[in-house]
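Counted the way this note's numbering counts, the sequence shown spans residues 5 to 742.
Comments concern the structure below.
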Amino acid sequence: MLRKLHSLPGLIAAIVLTIMALSGAVLSVKPAVERAGTTRLAQGTLDVATLAARVKAQHPVLEKIVRKPSGEVIAYYNSDGESRASRIDPSTGAAIGLYAPSPAMHWVTNLHRKFLLGNAGRIAAGVAAGFMLLLGASGLALLARRMGGWRHLPDRVRGSGLQRVHNEIARVALIGLMLSATTGLIMSLTTFRIIPERHAAEPAYPDYVSRLAPLPVGQLAALKGVDVTALRELAFPAPQNPRDVYALSTSKGAGYVDPSSGTWLAWQDNDALQRVHETVFMLHTGEGLWWLALLLGAASASVPMLAVSGIWLWARRRRAMPVLANNVRTRQADTVILVGSESNATWGFATAIHQALTRANLRVHTASMNDLSSRYGKAQRLIILTSTFGDANAPSNATQFLHKLAGMDVPPPMGFAVLGFGDRQYPNFCGYAHKVHEALCAKGMRPLMDLGRIDRQSESAFRKWVEQLSTALDVALEVRYQPSSPRTIALRLIERKDYGAGAEAFTSVLRFVRSPKTDSAWQRLLSARLPAFEAGDLAGIVPPGDTVPRFYSLASDSQDGFVEICVRRHPDGLCSGYLTSLKQGDSIDAFIRTNAGFRPAAGAAPLILVGAGTGIGPFVGFIRQNAAGRPVHLYFGARRSGDSFLYDEELRRLVGMGRLTVLTTALSSPAEKTYVQERLLADAVALRKLVARGAHVMVCGGRDMAREVANAWERILAGSGLTVNDLKLRGSYVEDVY
């Protein structure tokens, strides 16, 4: 429901909100521009009487003086029978130029307030402000859920690609957008008198005015008592009307001054409603708060980016929602698949299992987890595939599942299997899937297999789980899951360095450049450039004879001009065998996948890099880029020293260059039998101090190694008031595990 509240208003009002936001962004620079051209006076340095005297000396037929919220002073006067307006230097009273409001800004103002459509446009603007407020509130709630709760909103945004960009922009801009929307909605409701209209402070016009000769304006005591910083408008008596008076409006109220005696004839303070409306107006326009106007303008400028990325994400979710063939009715199914997904990505995996089970002559019913039913009369097995939203929360189509499960009778013989989808960057990896598995066990149902967990939609991990499911069901399953692969580029091998030749852990560092797929010299020049990427991103490679890409961490940056990966040859490994057999000059097809969650945190805080085997690849890339000499501590686990020690010479050279502060190695060969987690524990005191200084911990390597390293860190942090989960929540502990 929350996602619908966010998506539908955005789709409906995207164009209108974009027009309103962009016009608001243009108007936001006006207060700053006006302030830049204004002579600013400190409070208490000039009174209204003195200012009026200076201006009147320059313009004898003076009608009124207006001071704008920016501090700009405008004099309206008559010269040679024509009405004119000039900008005034308050320190001298002299004109510094004619005052001529910009026709372009006037047009933009009308576009912003009423879409150039009169009252109908004002109504549309009010409705748009309401939509913006609804979008902001629902978006903030969704972001809080995704981050694991309101208190984690300031933490590092995880995820990848467009979703992360959308959330990062929204988190920065939402407060400004909601402030603009709220104040704009209040102003719109006031315009149509749904909210009581403000009543300007207008005292009754005086019945009696002295008939004595008027005093010079500079001698009027009432005006002398008003600081010019409080001035809004001073209207002068009409020369042809002897009973006319000075009318003064200030930030505190309004009144009339006797031109003969200089005393107050009447005064009225602003009431509370007036002050509220003026505050709302100031917060919406930024007039008088130029810095706020610029901040609100920057927030408004983000709306087109949020609209485009939001619509794209919505369309991607729609495309990911499959149309299932042979989806039998609930009562007729012997196998039920329930799916929990926030972005619909999990449905692709569910469809593959649905089709495989159907081909195995099972009668399969697939639905959302919220559609859990008590009418599974013939069902013998339940298969649940679910993602996790935020901190172990249910995705949007599974929010009612646990509640429904608690209130229904499930036949105990019914077996079940749960497969969780998540991201190891989050502390509660597949946390909601774990909750579901435990709840089904508590209901008396029989688990067919252990809880499965898939990291970042890994196709290879999914296929392994399906093999286990096939064994558990004693049914041969042929899964035809075909993820859509991005467009590839041709890469040509220009250099390779082999480590541990002839050993079990034979590893190659391969360096590629762009290889044009054309003989045209012009097209070769255009296609020689690599796509943008950073160390730690992933290169996806599909080996010949297969359709599933394998991913390798990049040890280079696109600015280096080459793609570098580190590949260990696995026994019977299709892709690793293919890559390690390449010769210089051979070409491959590959694509780049951003891995934004595995990047060094910005700033100068220390980096603690922990890796083993080929997990050192991205770390070498990070260290190469460390020209600023940021403290970097590398803990690297290898089998042995010598010709099997990856990047041995380069690491020592990087230490000498000051780009790597400390290199600590752990050799696991039978002669040494030391592991990287043991090296960490040996340096526990120093590491705890680094964490206290805000150090950023990065772990890359195999899953077992990462688990042991996390356990070591728990021991290191003991007594500090922190845990590994705490560090993960604030983005100070990240993993890239395979």
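Don't be surprised by glycine CBs; every beta carbon is placed ideally from N, CA and C.
With a CB to CB cut of under 8 Å and the five nearest residues on each side skipped, what residues in its chain are close to residue i?
i	result
Arg-491	Phe-595
Arg-385	Asp-338, Thr-339, Val-340, Met-418, Gly-419, Phe-420, Ala-421, Leu-452 and Leu-477
Ala-305	Ala-25, Leu-26 and Ala-29
Leu-102	Arg-88, Ala-89, Ser-90 and Arg-91
Assign residue i to one of three DSSP states: helix, strand, or coil.
i	result
Gln-336	helix
Met-418	coil
Arg-719	helix
Val-169	helix
Ala-40	helix
Asn-348	coil
Pro-548	coil
Arg-450	strand
Asn-630	coil
Val-713	helix
Ala-302	helix
Val-636	strand
Ile-198	coil
Leu-376	coil
Arg-175	helix
Asp-231	strand
Leu-144	helix
Glu-653	helix
Gly-565	coil
Lys-677	coil
Val-659	helix
Asp-576	coil
Tyr-582	helix
Cys-445	helix
Ala-29	helix
Met-24	helix
Between residue i and chain E, is there a C-beta pair that is closer than 7 Å?
i	result
Leu-121	Looking at the structure shown, chain E is missing, and only one protein chain is on hand.
Going by DSSP, which residues form a beta bridge with residue i?
i	result
Glu-771	Nothing can be reported for residue 771: it is not among the residues displayed for the chain, which extend from 5 to 742.
Gly-641	Ala-616 and Ala-670
Leu-342	Ala-371 and Ile-388
Ile-315	None; Ile-315 has no bridge partner.
Tyr-737	Val-701
Tyr-556	Ala-543
Asn-397	Phe-393
Ser-591	Arg-496
Leu-423	Leu-389 and Gly-456
Val-571	Ser-512
Arg-597	Leu-542
Arg-611	It is worth fixing the name first, because residue 611 is Leu in this sequence and not Arg. Answer by DSSP bridge pairing, in chain order: Val-636 and His-700.
I believe residue i touches residue j by the beta-carbon criterion, under 8 Å. Please report the beta-carbon distance rounded to the nearest angstrom.
i	j	result
Gly-633	Arg-663	7 Å
Leu-534	Ser-519	At roughly 11 Å, the Cβ-Cβ gap does not stay under 8 Å, so Leu-534 and Ser-519 are not in contact.
Leu-389	Ala-371	Actually they do not touch by this definition, with Cβ atoms about 12 Å apart.
Ile-315	Ile-357	Contact flag wrong, Cβ pair sits at about 30 Å.
Val-52	Leu-227	4 Å
Thr-254	Leu-235	6 Å
Ala-36	Ala-297	6 Å
Arg-428	Glu-718	Not really, about 16 Å apart at Cβ, beyond 8 Å.
Leu-481	Ala-410	Actually they are not in contact, since the Cβ atoms of Leu-481 and Ala-410 sit about 31 Å apart, beyond 8 Å.
Pro-207	Trp-271	6 Å
Can you give me the Cβ contacts of residue i inside the same chain, cut-off strictly under 6 Å, excluding the 5 residues immediately before and after it?
i	result
Asp-523	Confidence at Asp-523 is low in this model, with a pLDDT of 48, below 50, so the placement of that residue should be treated as unreliable; the coordinate-derived value is given next. Closer than 6 Å at Cβ, skipping near neighbours: no residue.
Val-513	Lys-501 and Cys-570
Leu-586	Leu-497
Glu-712	Gln-681
Val-20	Ala-132
Ala-716	Gln-681, Leu-684 and Leu-685
Leu-216	Ser-264
Ala-177	Ala-303 and Ser-306
Val-701	Ile-612 and Tyr-737
Leaving out the 5 sequence neighbours to the left and right, which residues in its chain are closer than 7 Å to residue i when beta-carbon positions are compared?
i	result
Thr-42	Ser-74, Gly-75 and Glu-76
Arg-379	Thr-334 and Arg-335
Phe-240	Leu-66, Glu-67, Lys-68 and Tyr-250
Met-136	Leu-21, Leu-181 and Ala-185
Leu-529	Residue confidence for Leu-529 is low, a pLDDT of 49 falling below 50, so the modelled location carries little weight; the figure read from the coordinates is stated next. Nothing meets the Cβ criterion.
Leu-50	Pro-94 and Val-232
In chain order, what are the residue ranges of uninterrupted alpha helix (DSSP H) at least 4 long that sit wholly in the stretch 47 to 112? Runs of the alpha helix (DSSP H) lying entirely within the stretch 47 to 112, each at least 4 residues long, are 52 to 62 in chain order.
As an exercise, report each continuous beta strand (DSSP E) stretch of at least 3 residues that is fully enclosed by the stretch 233 to 275, in chain order. Runs found: 235 to 239, 250 to 254, 257 to 261 and 268 to 273.
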